[in-house]
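Engineer: Residue numbers (the numbering used here): 61 to 238.
Note that CB positions come from ideal geometry on N, CA and C, so glycine has one too.
#1: Look at the alpha carbon of residue 182 and the alpha carbon of residue 173, and state the distance between them as a whole number of angstroms.
#2: Closest to residue 202 by CA distance: which of 184, 129, 222 is it?
#3: Go ahead and label residue 187 buried or exposed: buried means 16 or more other beta carbons lie within 10 angstroms of its beta carbon, across all protein chains shown.
#4: What residue from 171, 106, 196 has the CA that sits closest to residue 90's CA?
#5: Apart from the five residues just before and just after residue 161, which ones in its own chain have a Cβ nearer than 7 Å to its Cβ?
#6: What's the gap between the Cα of residue 133 and the Cα of residue 178?
#7: Checking 7 Å against the spacing of the C-beta atoms, do residue 86 and residue 95 come in under that value?
#8: Identify whether residue 89 lies in helix, strand or coil by the three-state DSSP scheme.
#9: Where in the stretch 77-144 do unbroken runs of the alpha helix (DSSP H), each at least 4 residues long, occur, reported from the N-terminal end onward?
#10: Taking all protein chains shown into account, decide if residue 66 is buried (16 or more other Cβ within 10 angstroms of its Cβ) or exposed.
#11: Looking only at its chain, what residues have a beta carbon closer than 7 Å to the beta carbon of residue 63, apart from the 5 residues adjacent to it on each side?
#12: Which stretch, first to last residue, makes up the alpha helix (DSSP H) that contains residue 166?
#13: Taking all protein chains shown into account, decide if residue 169 is buried (16 or more other Cβ within 10 angstroms of its Cβ) or exposed.
#14: What whole-angstrom Cβ distance do residue 180 and residue 200 have, given they're in contact under 8 Å?
#15: Please classify residue 107 as buried or exposed, where buried requires at least 16 neighbouring CB atoms within 10 angstroms.
#16: Using the Cα positions of residue 121 and residue 165, report the straight-line distance between them to the nearest angstrom.
Right, dumping it as structure tokens:
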């Protein structure tokens with residue numbers, strides 16, 4: 061990625077996790093303009109140092125162990141069991157999670173209000189010194205607005221799932237319907 065502030069020409073695989081995280085961070089907190097060059101560079105260095113080494117190796121190791129046939133079969137079976145538990149009355153039908161009561165609209169609005177207040181309080185206090193108070197407030201608002209969009213979030217999750225399946229099973233070729 062030539063526009064990435066953290067690209068590493070010496071080792072392109074090293075930025076596999078760091079570059080997208082850095083780009084996301086820079087975009088959310090508005091660090092693209094010239095006035096934020098130093099902040100952008102400092103954050104890029106921090107992310108590369110923290111995520112680029114041990115964390116990235118650990119993630120690759122965990123994914124490497126999950127790709128084995130037995131582990132994948134166990135994972136798929138566990139996922140199937142949690143999403144579609146055996147129901148003698150309606151076999152094969154998706155069951156909602158047991159033990160959760162349906163919330164009223166008022167409870168949902170109150171939860172959303174509390175979550176919004178906490179995000180708008182924590183993010184500027186934690187990241188304000190690093191990205192600037194205004195950038196932190198604006199970034200917190202962007203995060204809140206982004207998680208409210210149900211269809212784009214579902215689309216993002218499905219794209220990530222497609223990419224994950226493509227990485228785990230490179231022999232599968234995705235073809236676009238024409």
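Structural biologist: Answer, in terms of the structure:
#1: Each residue's Cα considered, the two are about 14 Å apart.
#2: Out of 184, 129, 222, 184 has the C-alpha closest to the C-alpha of residue 202.
#3: Within a 10 Å sphere around the beta-carbon of residue 187 sit 16 or more other beta-carbons, which makes this residue buried.
#4: Nearest C-alpha to residue 90: 196.
#5: Excluding residues within five positions, none has a Cβ falling inside 7 Å.
#6: Cα to Cα, the separation comes out at about 40 Å.
#7: Not closer than 7 Å, so no.
#8: In the three-state scheme derived from DSSP, where H, G and I count as helix and E and B as strand, residue 89 is classed as coil.
#9: Unbroken alpha helix (DSSP H) runs of no fewer than 4 residues, entirely contained in the stretch 77-144, are found at 78-88, 97-110, 116-126, 129-143, following chain order.
#10: Because the pLDDT of residue 66 is 40, which lies under 50, any placement of that residue in the model is unreliable, and the number read from its coordinates should be weighed accordingly. It is buried - the Cβ of residue 66 has at least 16 other Cβ atoms within 10 Å.
#11: Here residue 63 scores only 45 on pLDDT, less than 50, and its place in the model should not be relied on; the value that follows carries that caveat. Nothing listed; no residue qualifies.
#12: Per DSSP, residue 166 belongs to the alpha helix (DSSP H) from 165-191.
#13: Residue 169 comes out exposed.
#14: Correct: roughly 5 Å between the Cβ atoms.
#15: The residue is buried, with at least 16 neighbouring Cβ atoms inside 10 Å.
#16: When rounded, the distance between both Cα atoms is 43 Å.
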